[in-house]
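Step one of this worksheet: look at the structure below.
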Amino acid sequence: MFKFSEISDMCIKCGKCIPGCTIHRVNPDEATSPRGFLDILKGVEEGDIQIDKTFKDTVESCFLCNQCVEICPNSLPTDFMIENARNLVAKKFGIAWWKRAFFFLLRHRWAYDLIAKLGFYFQSCGFKIEENKKSIRSRFSLPMLEKGRLLPAFRKKTFLKKYPEEIKGSGKRRVAIFIGCLANYNYTEVGDALVKILKFLDIDIFIPKKQACCGAPAYFTGDFETTEYLIRKNIAYFESFIDEVEAILVPEATCMAMLRKDYEEYIKHYMDEEWLKRYKKIQGKIFSTTEWLYKYTNLREKLNKKNLTLTYHDACHCAKVFSIRKEPRELLKKVVKIEEMEDSNLCCGFGGITIQSEKFHLARKEGLIKAEMIKKVNADIVSAECSACRMQITEHLDKVGDNKLFKHPLEIIAEAIE
Ligand code: SF4
Ligand code: SF4
Numbered sequence: 026m027f028k029f030s031e032i033s034d035m036c037i038k039c040g041k042c043i044p045g046c047t048i049h050r051v052n053p054d055e056a057t058s059p060r061g062f063l064d065i066l067k068g069v070e071e072g073d074i075q076i077d078k079t080f081k082d083t084v085e086s087c088f089l090c091n092q093c094v095e096i097c098p099n100s101l102p103t104d105f106m107i108e109n110a111r112n113l114v115a116k117k118f119g120i121a122w123w124k125r126a127f128f129f130l131l132r133h134r135w136a137y138d139l140i141a142k143l144g145f146y147f148q149s150c151g152f153k154i155e156e157n158k159k160s161i162r163s164r165f166s167l168p169m170l171e172k173g174r175l176l177p178a179f180r181k182k183t184f185l186k187k188y189p190e191e192i193k194g195s196g197k198r199r200v201a202i203f204i205g206c207l208a209n210y211n212y213t214e215v216g217d218a219l220v221k222i223l224k225f226l227d228i229d230i231f232i233p234k235k236q237a238c239c240g241a242p243a244y245f246t247g248d249f250e251t252t253e254y255l256i257r258k259n260i261a262y263f264e265s266f267i268d269e270v271e272a273i274l275v276p277e278a279t280c281m282a283m284l285r286k287d288y289e290e291y292i293k294h295y296m297d298e299e300w301l302k303r304y305k306k307i308q309g310k311i312f313s314t315t316e317w318l319y320k321y322t323n324l325r326e327k328l329n330k331k332n333l334t335l336t337y338h339d340a341c342h343c344a345k346v347f348s349i350r351k352e353p354r355e356l357l358k359k360v361v362k363i364e365e366m367e368d369s370n371l372c373c374g375f376g377g378i379t380i381q382s383e384k385f386h387l388a389r390k391e392g393l394i395k396a397e398m399i400k401k402v403n404a405d406i407v408s409a410e411c412s413a414c415r416m417q418i419t420e421h422l423d424k425v426g427d428n429k430l431f432k433h434p435l436e437i438i439a440e441a442i443e
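Letter by letter, the sequence shown follows residues 26 to 443 in the working numbering.
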């Protein structure tokens, strides 16, 4: 069993983590701060605090933005503590039926494919399809979904169905693509852009068709059974091709961090040495797309300049977890003029499945702060290497009446090689 006190006791109460904490910004209370969470979790372990509805509400309000982990002088893994606390909550109260249904889809690609297909044909019934066809707007209020909210539309063909498993280049270099669920089912232009860039670089592309969801939505909800099922499934599958590729490229910050950091934490605490050894063979080959393109290719020497201005939002799971900030900017500045927003590091407020549904008022507060910040910048485009940020930022730019286009950095780069 994971011991909360081992981490909580290392907190020196310096409070450095508090000013930038996302939940503390929108709900300024010591109980909803990294330091407060650590104290509460120790209290639970020692039997002073009960796992009740208040505890559930408290631990489910963390955005898992990782700001506290990055800033903490002791690098305390508050995110891992919260994930474990949510597991305790899930064991005590169970997981809502609709989340379980969603996690079923994550475990079974055939079922998600079927729902996405039905979603594509029927989305116009309950939603109004926006002009650019990339978003749908809810026509009426549903529990946990307010009228007028923008959501990503399903596409006719998923990324994984659209391309063959192998796309040949010069035969000298070969990489695999891990696409992530949002880019597979909703924002398929992200994968299109990555394929186009890799073809341009003459690199062989392997699209592993049996890849499963990384497991992040389940992990962040405390469903460790689904998480472990997906970890085992992905590792066993990745092993079958890892020696034949130089990298697994992930265009989504959250999926990339889940595969590259959270898997390690989970395996170390809940699985055995053998699994850790197997995972270690894979871990070093997992990269964010902009990081890999910047470090391991000469792409930036081949990009055409465009007369566009862009502002870049640092997705938490790239910036705060892996300090990937310079790489996307170095590539993008060859194409566009970059105009920095006041605080590109400030979380967009997506927060995960529970915050996007049961606690959307928190996502709304943080989303509006970010959107107002973006609105102030004189730019044509806002960009981030993350489809969850895209969903949250698109919704809130709409709410503050800003018409900047959101584009993934890969889309902008792909347009610059035409
Ligand atoms: S992960 Fe983010 S929201 Fe959660 S405690 Fe840390 S800084 Fe606050
Ligand atoms: S920064 Fe780290 S040590 Fe300081 S209060 Fe926050 S969690 Fe504790």
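Quick reminder that beta carbons are idealized off the backbone N, C-alpha and C, glycines included.
Problem set entry | residue 282 to residue 368 span [Cα, whole Å] | Here residue 282 is taken as the residue at index 257 of the sequence shown, counted from 1. Here residue 368 is taken as the residue at index 343 of the sequence shown, counted from 1. Spanning the two alpha carbons is a distance of roughly 22 angstroms.
For this session: Grab the span of the alpha helix (DSSP H) containing residue 272 for me, first residue to last.
Result: One-based indexing of the sequence shown puts residue 272 at position 247. Not the alpha helix (DSSP H): residue 272 falls in the beta strand (DSSP E), residues 272 to 275.
Exercise. Short check: CB of residue 267 to CB of residue 310, under 8 angstroms?
Worked result: Residue mapping note: residue 267 aligns to position 242 of the sequence shown, counting from 1. Residue mapping note: residue 310 aligns to position 285 of the sequence shown, counting from 1. Yes, Cβ-Cβ distance for residue 267 and residue 310 is below 8 angstroms.
For this session: From the DSSP output, read off the bridge partner residues of residue 313.
Result: Locating residue 313 in the sequence shown gives position 288, counting from the first residue. Looking at the DSSP assignment, residue 313 forms a beta bridge with 275.
Problem set entry | Any non-hydrogen atom of ligand 1 closer than 7 angstroms to residue 379 Cβ | The sequence position of residue 379 within the sequence shown is 354, counting from 1. It does not: the Cβ of residue 379 is nowhere closer than 7 angstroms to a heavy atom of ligand 1.
Exercise. Is residue 444 helix, strand or coil by DSSP?
Worked result: Lying outside 26 to 443, the shown extent of the chain, residue 444 is not represented and no answer is given.
Problem set entry | Assigned secondary structure, residue 348 (DSSP; H/G/I helix, E/B strand, else coil) | The sequence position of residue 348 within the sequence shown is 323, counting from 1. In this structure, residue 348 counts as coil in the three-state DSSP scheme.
Exercise. Are the Cβ atoms of residue 443 and residue 353 separated by less than 8 angstroms?
Worked result: Taking the sequence shown and counting its residues from 1, one reaches residue 443 at position 418. Taking the sequence shown and counting its residues from 1, one reaches residue 353 at position 328. For residue 443 and residue 353, no; Cβs fall outside 8 angstroms.
Exercise. Of all the beta strand (DSSP E) runs that stay within the bounds of the stretch 130 to 160, which reach a length of 3 or more residues?
Worked result: Along the stretch 130 to 160, the beta strand (DSSP E) occurs as fully enclosed runs of 3 or more residues at 152 to 154, listed in sequence order.
Exercise. When the Cβ atoms of the stretch 138 to 146 are set against those of the stretch 171 to 180, are three or more pairs found closer than 8 angstroms?
Worked result: yes
Exercise. From residue 297 to residue 304, what distance separates their C-alpha atoms?
Worked result: Against the sequence shown, residue 297 aligns to sequence position 272. Against the sequence shown, residue 304 aligns to sequence position 279. Going by the C-alpha atoms only, they are around 11 angstroms apart.
For this session: Consult DSSP for residue 319 and reduce its assignment to one of helix, strand or coil.
Result: As a first step, residue 319 is located in the sequence shown; it is residue number 294 there, counting from the start. Residue 319 falls in the helix class under three-state DSSP.
For this session: Might you give, ordered along the chain, the residues of its own chain that have their beta carbon closer than 8 angstroms to the beta carbon of residue 28, omitting 5 neighbours on each side?
Result: Residue numbering aside, residue 28 sits at position 3 when the sequence shown is read from its first letter. Answer for residue 28: 70, listed in chain order.
Exercise. CB of residue 342 to nearest heavy atom of ligand 1: below 7 angstroms?
Worked result: Here the question's residue 342 lines up with position 317 in the sequence shown. Relative to ligand 1, residue 342 has its C-beta separated by 7 angstroms or more from all heavy atoms.
Exercise. What is the DSSP secondary structure of residue 188, reduced to helix, strand or coil?
Worked result: The residue labelled residue 188 in the question sits at position 163 within the sequence shown. The answer is coil: DSSP assigns residue 188 none of H, G, I, E or B.
For this session: Collect the residues with a C-beta less than 7 angstroms away from any heavy atom of ligand 1 and give them in sequence order along the chain.
Result: 42, 45, 46, 47, 48, 49, 58, 59, 62, 87, 88, 89, 90, 91, 92, 93, 94, 103, 104, 107 and 372
Problem set entry | Burial state of residue 129, where buried means 16 or more other Cβ atoms lie within 10 Å | Locating residue 129 in the sequence shown gives position 104, where the first residue counts as 1. Looking at its Cβ environment, which holds fewer than 16 other Cβ atoms inside 10 Å, residue 129 is exposed.
Problem set entry | residue 100 beta carbon less than 8 angstroms from that of residue 94 | Translated into positions along the sequence shown, residue 94 becomes position 69. Translated into positions along the sequence shown, residue 100 becomes position 75. Yes, they are a contact pair.
Exercise. What three-state label does DSSP hand residue 385 in the structure shown?
Worked result: On the sequence shown, residue 385 is found 360 positions in, with the first residue counted as 1. Note: residue 385 maps to helix in three-state DSSP.
For this session: Would you list the residues sitting across from residue 202 in a DSSP beta bridge?
Result: The sequence position of residue 202 within the sequence shown is 177, counting from 1. Checking the DSSP bridge columns, you'll see residue 202 partnered with 274.
Exercise. Which residues in the same chain have their Cβ closer than 8 angstroms to the Cβ of residue 418, if we skip the five residues on either side of it in sequence?
Worked result: Within the sequence shown, numbered from 1, the residue matching residue 418 stands at position 393. Result list for residue 418: 338, 373, 392, 395, 396, 399, 407, 409 and 431, in chain order.
Problem set entry | Whether residue 383 touches residue 169 by CB criterion (8 angstroms) | In the sequence shown, residue 383 corresponds to position 358, counting from 1. In the sequence shown, residue 169 corresponds to position 144, counting from 1. Their beta carbons are under 8 angstroms apart, which means residue 383 touches residue 169 by this criterion.
For this session: Tell me, please, whether the stretch 286 to 301 touches the stretch 216 to 225 by the rule of three or more beta-carbon pairs shorter than 8 angstroms.
Result: With the cut-off at 8 angstroms, the stretch 286 to 301 and the stretch 216 to 225 do not touch.
For this session: Use the C-beta contact count for residue 122: other C-beta atoms within 10 angstroms, 16 or more gives buried, fewer gives exposed.
Result: Within the sequence shown, residue 122 is the residue found at index 97, counting from 1. Residue 122 comes out exposed.
Exercise. What did DSSP end up calling residue 408 once you bin it into helix, strand or coil?
Worked result: Here residue 408 refers to the residue found at position 383 of the sequence shown. The answer is strand: DSSP assigns residue 408 an E or B state.
For this session: Using beta-carbon positions only, say whether residue 273 and residue 203 come within less than 8 angstroms of one another.
Result: In the sequence shown, residue 273 corresponds to position 248, counting from 1. In the sequence shown, residue 203 corresponds to position 178, counting from 1. Against a cut-off of 8 angstroms, the Cβ pair of residue 203 and residue 273 comes out as a contact.
For this session: Could you tell me the boundaries of the alpha helix (DSSP H) in which residue 292 lies?
Result: For the purposes of this step, residue 292 is taken as the residue at position 267 of the sequence shown. Residue 292 -> alpha helix (DSSP H) spans 288 to 295.
Problem set entry | Beta-carbon contacts of residue 67 that lie in its chain and below 6 angstroms, excluding the five residues immediately before and after | Here residue 67 refers to the residue found at position 42 when the sequence shown is read from its first residue. So the list reads 29, 30 and 33, once near-sequence residues are dropped.
Problem set entry | Top-ranked residue by Cα proximity to residue 390, from 402, 424, 366 and 364 | Reading the sequence shown from its first residue, position 365 is the one you call residue 390. It is 424.
Exercise. Taking Cβ to Cβ, would you say residue 88 is nearer than 8 angstroms to residue 47?
Worked result: Stepping through the sequence shown from its first residue, residue 88 is reached at position 63. Stepping through the sequence shown from its first residue, residue 47 is reached at position 22. Yes, these two residues count as a Cβ contact at 8 angstroms.
For this session: Rounded to whole angstroms, what's the CA-CA distance from residue 264 to residue 135? Just pull it up for me.
Result: Sequence index remark: in the sequence shown, residue 264 carries index 239 (1-based). Sequence index remark: in the sequence shown, residue 135 carries index 110 (1-based). C-alpha separation (whole angstroms): 22 angstroms.
For this session: List the endpoints of the continuous beta strand (DSSP E) containing residue 430.
Result: In the sequence shown, counting from the first residue as 1, residue 430 sits at position 405. 430 to 432 is the extent of the beta strand (DSSP E) around residue 430.
Exercise. Which one of 278, 218, 308 and 35 has the shortest CA to CA distance from residue 290?
Worked result: For this step, residue 290 is matched to residue 265 along the sequence shown. Of the candidates 278, 218, 308 and 35, the residue whose Cα lies closest to the Cα of residue 290 is 308.
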